[in-house]
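Visitor:
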Amino acid sequence: LDRIHLLGMGTRTKLLGSVWNMAEFYRRLDIFILPSLSEQNPNALLEAMATGLPCVATDVGSVSELLSDGRCGVIVPNNDKEALANALEELINDQPLRMKLGAAARNRACSEFNIKRMINAYRELYFNLASGVSQLNNMGAAA
């Protein structure tokens with residue numbers, strides 16, 4: 007909090023604490039930013055994509071895959087503050103680009119990362135694992 011005031015951002019910054027209704031929260035945003043130094047598969051990015059937000063994220067973990075190598079959002083090098091600022095400035099000043107990226111993000115999130123696809127992927131994983139165990143048991147019986 008002291009750093010926020012030290013940087014002169016006290017009147018433009020609001021710390022929300024816990025947010026229970028994320029869908030409502032995302033609807034209030036114009037741009038979603040994920041400036042992480044380290045991530046694996048960021049759920050917050052998927053949530054923002056699903057709500058149709060244009061996204062800017064650092065190139066960590068699976069961000070590049072989630073944003074289709076930049077077709078569904080802007081990817082900036084990790085820990086590059088200038089690139090992050092430039093990407094934000096571009097989106098702030100280009101409403102058609104925001105709309106295009108937001109629509110592409112929503113389409114990708116809803117078509118590729120929906121619950122039905124996840125269930126099918128887990129089902130396939132479990133069947134493959136069960137098949138592998140069965141094959142190992144058969145190999146042991148043959149020896």
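Everything in the sequence shown is counted per my numbering, starting at 7 for the first residue and increasing by one.
We treat Cβ as the ideally placed atom computed from N, Cα and C, and that holds for glycine.
1) At 4 residues or longer, what runs of the alpha helix (DSSP H) sit wholly inside the segment 60-136?
2) Report the option in 37, 7, 38, 36 whose CA atom is closest to the CA atom of residue 23.
3) Relative to the C-alpha of residue 74, which residue among 13, 135, 112, 30 is closest?
4) Residue 81: which of 65, 133, 71, 72 sits nearest, CA to CA?
5) Using the C-alpha atoms, what's the distance from residue 135 back to residue 99?
6) Taking all protein chains shown into account, decide if residue 138 is buried (16 or more other Cβ within 10 angstroms of its Cβ) or exposed.
7) Going along the chain, which unbroken runs of the beta strand (DSSP E) with 3 or more residues stay wholly within the segment 19-68?
8) Assign residue 14 to one of three DSSP states: helix, strand, or coil.
9) Spatial neighbours of residue 58 within its chain, please: C-beta separation below 7 Å, excluding the five flanking residues on both sides.
10) With distance defined between alpha-carbon atoms, name the residue in 84, 45, 56 nearest to residue 67.
11) Does residue 115 pass the burial test, meaning 16 or more other C-beta atoms within 10 Å, or should it be called exposed?
Guide: According to the structure data:
1) Here the runs fully enclosed are 69-72, 87-99, 101-118.
2) Considering only alpha carbons, the answer is 7.
3) With distances taken between Cα atoms, residue 74 lies closest to 112.
4) Considering only alpha carbons, the answer is 65.
5) Going by the C-alpha atoms only, they are around 50 Å apart.
6) When all chains shown are included, residue 138 counts as exposed.
7) As for any beta strand (DSSP E) of minimum length 3 sitting wholly inside the segment 19-68, the runs are 38-40, 61-64, ordered along the chain.
8) The DSSP-derived three-state label of residue 14 is coil.
9) Same-chain partners within the cutoff: 108, 109, 111, 112.
10) Measuring from the Cα of residue 67, the nearest candidate turns out to be 45.
11) So residue 115 ends up on the buried side.
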